[in-house]
Amino acid sequence: MFDPVLAKCLRCEDFVAIATDADARAYGLSMVTQTNSAFVSYDQIVKDARFGRTIADTIYAAIVATGSPAAAMLYVNYGIDLSLDETQAGLDQIATSVPFLAAACGQLKLLGKWPITVFASRGVTWLPALADITFHRAANVGAINWQHAVFDLVPALLSQGANWSTIKTAINGM
Numbered sequence: 002m003f004d005p006v007l008a009k010c011l012r013c014e015d016f017v018a019i020a021t022d023a024d025a026r027a028y029g030l031s032m033v034t035q036t037n038s039a040f041v042s043y044d045q046i047v048k049d050a051r052f053g054r055t056i057a058d059t060i061y062a063a064i065v066a067t068g069s070p071a072a073a074m075l076y077v078n079y080g081i082d083l084s085l086d087e088t089q090a091g092l093d094q095i096a097t098s099v100p101f102l103a104a105a106c107g108q109l110k111l112l113g114k115w116p117i118t119v120f121a122s123r124g125v126t127w128l129p130a131l132a133d134i135t136f137h138r139a140a141n142v143g144a145i146n147w148q149h150a151v152f153d154l155v156p157a158l159l160s161q162g163a164n165w166s167t168i169k170t171a172i173n174g175m
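See below:
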């Protein structure tokens, strides 16, 4: 089945530069890091069913215990950017110093940065097989050839006074 999102993805410069379909699939399945730089606050963690007030309070106390009252106030009032390397490292420190928070800190880190395939980062919501890559790359070549025929070849031949037989022969020779 033709997927326009996958077809568009495979037309991107990085995919076009890959010679074989197998290598294109391997590249598409490789992992990249997605980030979300939205600020996450104490209140949001309290309201999130995965965490709750106990986790939010314990994180606050752990931030204060590290000697960072300003960071604790940011956490409570505005929120913190979980995608920052410094924040990710701080969550690692909290997880180490308060083992009870290890799982919650891991989940919070994933709210800021998470691994995703190159395909998924480009909007492909399924994992294409090698046959899918081959099909869509061929479809892209066909579409490019069709565009060349319609917009370049046929108008040029018509302007030269070519007949339908000549135009069909030129198209079939592409």
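Residue numbering for the sequence shown follows our numbering, starting at 2 and increasing by one per position.
Each residue gets a CB set at the ideal place from its N, CA and C atoms; glycine is no exception.
What you are looking at is a predicted structure, and each value in this text was computed from that prediction instead of being measured.
As assigned by DSSP and simplified to three states, the class of residue 99
Sequence index remark: in the sequence shown, residue 99 carries index 98 (1-based). DSSP places residue 99 in coil when its eight states are reduced to three.
Every unbroken beta strand (DSSP E) inside the stretch 26 to 58 [3 residues or more]
32 to 36
Count the other CB atoms, across all protein chains shown, that sit within 10 Å of the CB of residue 46; report buried if there are 16 or more and exposed otherwise.
By one-based count along the sequence shown, residue 46 stands at place 45. Looking at its Cβ environment, which holds 16 or more other Cβ atoms inside 10 Å, residue 46 is buried.
When the distance is taken between beta carbons, is residue 59 closer than 8 Å to residue 114?
Within the sequence shown, the letter at position 113 stands for residue 114. Within the sequence shown, the letter at position 58 stands for residue 59. Going by C-beta atoms, residue 114 is not nearer than 8 Å to residue 59.
Pick out whichever of 133, 120 and 109 has its Cα sitting closest to the Cα of residue 95.
The residue labelled residue 95 in the question sits at position 94 within the sequence shown. The candidate whose alpha carbon is nearest that of residue 95 is 109.
Taking the beta strand (DSSP E) that residue 116 belongs to, which residues open and close that run?
Start at 1 with the first residue of the sequence shown, and residue 116 comes out as number 115. Start and end: 114 to 118.
With DSSP run on the structure shown, which of helix, strand or coil describes residue 19?
The residue labelled residue 19 in the question sits at position 18 within the sequence shown. Residue 19 falls in the coil class under three-state DSSP.
Taking C-beta to C-beta, are residue 30 and residue 118 nearer than 8 Å?
Reading the sequence shown from its first residue, position 29 is the one you call residue 30. Reading the sequence shown from its first residue, position 117 is the one you call residue 118. Taking 8 Å as the Cβ cut-off, residue 30 and residue 118 qualify as a contacting pair.
Does DSSP put residue 133 in a helix, a strand or coil?
The residue labelled residue 133 in the question sits at position 132 within the sequence shown. Helix.
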